[in-house]
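Numbering (the working numbering), first residue to last: 740 to 951.
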Amino acid sequence: MKRIFTAVLLMLAVVNTTQARSLKFGLKGGLNVTSMSFDEKVFDSSNKAGFFIGPTAQISLPLGGLGVDISALYDQKESKVNDNSIKQQSILIPVNLRLKLGLGSQAGVYLAAGPQFGFNVGDSKYTWQSLKDIKGTQQQIDNEFQLKKSNFSINLGAGIYLNKHFEIGFAYNIAMGKTADATFKEAVNTAIGKTEDDAKAKTWTISAAILF
Numbered sequence: 740m741k742r743i744f745t746a747v748l749l750m751l752a753v754v755n756t757t758q759a760r761s762l763k764f765g766l767k768g769g770l771n772v773t774s775m776s777f778d779e780k781v782f783d784s785s786n787k788a789g790f791f792i793g794p795t796a797q798i799s800l801p802l803g804g805l806g807v808d809i810s811a812l813y814d815q816k817e818s819k820v821n822d823n824s825i826k827q828q829s830i831l832i833p834v835n836l837r838l839k840l841g842l843g844s845q846a847g848v849y850l851a852a853g854p855q856f857g858f859n860v861g862d863s864k865y866t867w868q869s870l871k872d873i874k875g876t877q878q879q880i881d882n883e884f885q886l887k888k889s890n891f892s893i894n895l896g897a898g899i900y901l902n903k904h905f906e907i908g909f910a911y912n913i914a915m916g917k918t919a920d921a922t923f924k925e926a927v928n929t930a931i932g933k934t935e936d937d938a939k940a941k942t943w944t945i946s947a948a949i950l951f
């Protein structure tokens, strides 16, 4: 909670210190598709759809189409690991620099990029049993998947805006660090000589926002 509070204070500081030409508030929501990829090919992975929703704010800068958008989003996404669903619930705080390219007085396109701070607010540890061939014999082992408490990523996106109050956008979110540790129990670690595998989440999102 302290990290979330700090991030919210950062949002307010950006709003207060920016020489804003206009400030709009609204609601943003959408869908995401997450792919959990592992540095070591120990687990099978598959894509899962999720959703996000929360308040958003846009600040226009006096620099010809430049602006900043800041949101506080409840995000839920899933990924399947060895037929086990891993559900991640987070508070996401993206801070994006935007460039609007008008197609007329009422519509246009925009490009956006910036950092995103994520804080896990759901379950963080998952365990299950599975069979593994170890030295020619099938043995039952315990597996463990540990989500990080917080993570940092980068958003790259674009979209369209209509009538200055409605937007549709898409973005690609790139994890800049580990999202989770996928580890074996100590007995299996000893047998295969491995202690840790890193997991990173890469996410495509499509969103809609209403601004007031």
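From the three backbone atoms N, C-alpha and C, an ideal C-beta is built for every residue, glycine too.
(request) Kindly list the residues whose CB is nearer than 6 angstroms to the CB of Lys816, restricted to its own chain and excluding five residues on each side of it in sequence; keep chain order. (result) Asn771, Thr773, Gly789 and Gln827
- Task: Evaluate Phe856 with the Cβ neighbour count: other Cβ atoms within 10 Å of its Cβ, from every protein chain shown; 16 or more gives buried, anything less gives exposed.
- Result: buried
With respect to 8 angstroms, is the separation between the Cβ of Ala796 and the closest non-hydrogen atom of the ligand FMN below this value?
Ligands in the displayed structure: none, and consequently the ligand FMN is not present.
Three or more C-beta pairs below 8 angstroms linking the segment 894–911 and the segment 842–853: Yes: at least three Cβ pairs fall under 8 angstroms.
* Count the other CB atoms within 10 Å of the CB of Asn894; is the residue buried (16 or more) or exposed (fewer)? -> buried
Check your understanding: Looking only at C-alpha atoms, which of Gly803, Asp808 and Pro801 sits nearest to Glu906?
Key -> Asp808
Exercise for review: List the DSSP bridge partners of Gly847.
Suggested key: Gly841 and Tyr900
### Message
Give me, in chain order, the residues of the same chain whose beta-carbon lies closer than 6 angstroms to that of Ile899; leave out the 5 immediate sequence neighbours on both sides.
### Response
Val848 and Ile907
*asked:* Would Gly793 and Lys767 be called neighbours here (beta carbons separated by less than 9 angstroms)?
replied: yes
Can you tell me whether DSSP reads Ala811 as helix, strand or coil? coil
**Prompt:** When the Cα of Lys888 is compared with those of Leu950, Asp881 and Val860, which residue comes out closest?
**Reply:** Val860
**Asked** Below 9 angstroms between beta carbons: does that hold for Gly765 and His904?
**Response** yes
Using DSSP's beta-bridge definition, name the partner residues of Pro854.
Ile893
For this session: Please say whether Gly769 and Thr944 have beta carbons closer to each other than 9 angstroms?
Result: yes
Only counting the same chain, and skipping five residues up and downstream in sequence, which positions put a Cβ closer than 8 angstroms to that of Ala846? These residues qualify, in order along the chain: Ile899, Tyr900, Leu901 and Asn902.
Query raised in the report: What three-state label does DSSP hand Ser946 in the structure shown?
Result: strand
Check: Given Ser829, which residues of its chain have a CB within under 7 angstroms of its CB, disregarding the five upstream and five downstream residues?
Finding: Asp814, Gly857, Phe858, Asn859 and Val860
Query - Nearest-angstrom Cα separation, counted from Leu802 out to Ser863 - result: 43 angstroms
Could you name the residues of the same chain whose beta carbon sits closer than 6 angstroms to that of Ala796, not counting the 5 residues immediately before and after it, in chain order?
Phe764 and Ile809
Check your understanding: In angstroms, rounded to a whole number, what distance separates the CA positions of Ala947 and Gly841?
Key -> Cα to Cα, the separation comes out at about 18 angstroms.
Let's test the definition: count the other Cβ atoms within 10 Å of the Cβ of Phe958 and tell me whether it reaches 16, buried, or not, exposed. Nothing can be reported for residue 958: it is not among the residues displayed for the chain, which extend from 740 to 951.
- prompt: For Ser818, is the classification buried or exposed, using 16 other Cβ atoms within 10 angstroms of its Cβ as the cut-off for buried?
  reply: buried
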